[in-house]
Amino acid sequence: MKISEEVQRFGYHYPQIAAVITARANGRANAMTAAWQTPVSSRPPLYGVAISPKRFTYSLILKSGEFAVNFLPWEKAELVAAVGGSKGEKIDKFKSFGIEEEESIKTGAPILKCAYGAYECRLVSDQAYGDHRFIIGEVLAVHYLEDAFSDEGIINLDKVRPVLYVGLDSYVDINTPKVVAIERLKAIRYLEEEHD
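One gets our numbering by counting positions in the sequence shown from 1 and adding 446 to each.
Listed below in structure tokens is the structure:
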């Protein structure tokens with residue numbers, strides 16, 4: 447095994463599900479992509495996300511005290527890439543990319559209609575770790591497509607294929623053993639043209 451002290455490019459934890467984090471405050475909504483997200487506790491149900499404090503979504507989460515975590519199917523991989531590669535303070539991603547919302551029931555955070563699962567969260571912790579903030583939210587409500595999960599809550603991979611991020615703007619479909627690079631700028635232009 448090779449050893450390196452160049453640890454800035456540590457990506458051996460990939461692939462990870464790429465989730466879309468959403469928030470709304472003061473009449474503005476935004477969505478961002480995050481691969482660095484994870485469950486933290488089941489009792490109470492807590493979910494954590496690592497976010498750069500430079501992100502517009504982070505400022506909306508601080509103002510509103512809430513956020514949502516949306517899990518999208520592989521068919522929406524270009525949307526995941528576009529959301530991650532564009533700046534919410536400069537464009538309305540919901541309008542530009544034709545993102546439709548489902549009604550949230552416990553928060554004002556946007557729930558994406560195209561998600562196969564989503565968590566509505568109330569912010570309970572915000573801590574600095576290096577160049578990111580680790581926010582933790584208490585899960586107040588879950589949204590899910592019934593046929594995408596078993597009665598026990600296990601994902602049915604015959605019905606839904608999550609978007610898996612492998613690093614460097616590359617994603618993989620679990621049904622195809624090949625990594626697909628999705629150029630963010632091309633995805634942004636494609637979705638904007640499609641929704642003009």
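All C-beta atoms, glycine included, are put in the ideal place defined by N, C-alpha and C.
Nothing here was measured: the structure is a model prediction, and the numbers come from that model.
Item                                                                                                                                                                 : Value
With a 10 Å radius around its C-beta and 16 neighbouring C-beta atoms as the bar for buried, classify residue 617 as buried or exposed.                              : buried
Determine the direct distance from the alpha carbon of residue 633 to that of residue 642, and round the result to whole angstroms.                                  : 14 Å
Mind checking who residue 478 pairs with in its DSSP beta bridge?                                                                                                    : 467
If you compare alpha carbons, which of 483, 492, 621, 631 is closest to residue 579?                                                                                 : 483
Determine the DSSP secondary structure at residue 606, reduced to helix, strand or coil.                                                                             : coil
Look at the Cβ atom of residue 637, then the Cβ atom of residue 525, and state whether they are nearer than 8 Å.                                                     : yes
Can you give me the C-alpha to C-alpha distance between residue 459 and residue 612, rounded to a whole angstrom?                                                    : 9 Å
Using CA atoms only, rank isn't needed, just tell me which of 581, 585, 464 is closest to residue 520.                                                               : 464
According to DSSP, simplified to helix, strand and coil, what is residue 622?                                                                                        : coil
Enumerated in chain order, which unbroken segments of the alpha helix (DSSP H) with a length of 4 residues or greater are wholly contained in the region 555 to 610? : none
Considering just the uninterrupted stretch of the beta strand (DSSP E) at residue 486, what are its terminal residues?                                               : 483 to 488
For residue 531, tell me which candidate among 480, 456, 488, 584 has the shortest Cα-Cα distance.                                                                   : 480
Name the residue from 454, 462, 476 whose alpha carbon lies nearest to the alpha carbon of residue 558.                                                              : 476
In three-state terms, what does DSSP make of residue 460?                                                                                                            : coil
What residues are listed by DSSP as bridge partners for residue 494?                                                                                                 : 484, 582
Between residue 534 and the rest of its own chain, which residues show a CB-CB distance below 6 Å, the 5 nearest in sequence each way excluded?                      : 476, 502
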